[in-house]
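Only one structure is covered here, and it is reproduced in the block below.
Protein chains in written order, with my numbering: chain A, 1 to 111; chain B, 1 to 110.
As structure tokens, this is what we get:
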């Protein structure tokens with residue numbers, strides 16, 4: 001089955017810095033790659049996604065890049081703010097609507 | 001606005017008890033999922049259902065069963081709870097790719 005590796009497990013940055021979280025996947029059939037954000041004590045929520053026919057997608061301060069050849073994709077957050085502090089999960093979707101999630105990255109933004 | 005609710009936020013049970021966790025969604029989604037979330041292990045799929053009375057095993061189904069008698073409701077059952085099932089349980093639903101999660105049930109098995 002699909003295997004998604006996510007790094008780093010913890011990321012600590014100063015407010016205003018950029019943050020990058022990287023994921024690799026194993027199943028070349030995966031064609032949809034969402035990112036979910038889970039704030040402390042809350043439910044995960046989709047923040048951005050990318051499909052296999054696109055190399056990059058941006059939404060304000062967040063962007064996702066995809067390299068299908070190398071089977072990796074990344075989340076980029078610019079000008080980080082304290083409210084960006086959360087656990088971020090990447091996922092790859094090889095089987096219809098069933099994602100395989102990475103283990104999560106705990107992002108801490110220090111004011 | 002999609003709403004996914006779970007029957008309990010916190011639950012304490014004893015080893016050997018039968019435990020029911022319920023999830024309800026109000027958006028007529030075909031697909032429903034149960035995940036287990038543990039620190040450092042991410043979200044692991046226990047079971048999913050793509051239609052009423054249909055179910056498929058996920059990555060860690062051992063010790064669990066599910067029931068989907070109505071489209072909006074998906075139940076997770078721990079037939080005989082064990083301490084290693086102490087965890088956060090998240091339900092989700094989807095029509096297509098985007099998953100909508102419930103608030104989670106934190107289960108403690110003593």
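Virtual Cβ for every residue (Gly too), placed ideally from N, Cα, C.
- In this structure, residue 67/A lies away from residue 51/A, with their beta-carbon atoms at least 8 Å apart.
- It is roughly 15 Å from the alpha-carbon of residue 28/A to the alpha-carbon of residue 55/A.
- If you draw a straight line from the Cα of residue 29/B to the Cα of residue 98/B, it comes to about 11 Å.
- Residue 9/A reaches chain B at 40, counting residues in chain order whose Cβ is nearer than 8 Å.
- Taking the Cβ atoms as the reference, residue 102/B lies roughly 21 Å from residue 103/A, outside the contact range of under 8 Å.
- Shown here, residue 67/A sits in a strand according to DSSP, grouped into three states.
- Per DSSP, reduced to three states, the secondary structure at residue 51/B is strand.
- For residue 12/A and residue 21/A, the gap between their C-alpha atoms comes out near 11 Å.
- About 6 Å separates the beta carbon of residue 48/A from that of residue 57/A, a gap short enough to meet the 8 Å contact definition.
- At least 8 Å separates the beta-carbon of residue 105/A from that of residue 99/A.
- Contact between residue 21/B and residue 76/B holds: their C-beta atoms lie close to 4 Å from each other, under 8 Å.
- If you check each beta-carbon in the stretch 93 to 106 of chain B against every beta-carbon of chain A, the ones closer than 8 Å belong to 94, 96, 97, 98, 99, 101, 102, 103, 104.
- When C-beta atoms of the stretch 61 to 80 of chain B are compared with those of the stretch 39 to 49 of chain B, three or more pairs fall below 8 Å, so the two segments count as touching.
- For residue 20/A, the enclosing beta strand (DSSP E) has its first and last residue at 19 to 25.
- In the structure shown, residue 82/A adopts helical secondary structure according to DSSP, grouped into three states.
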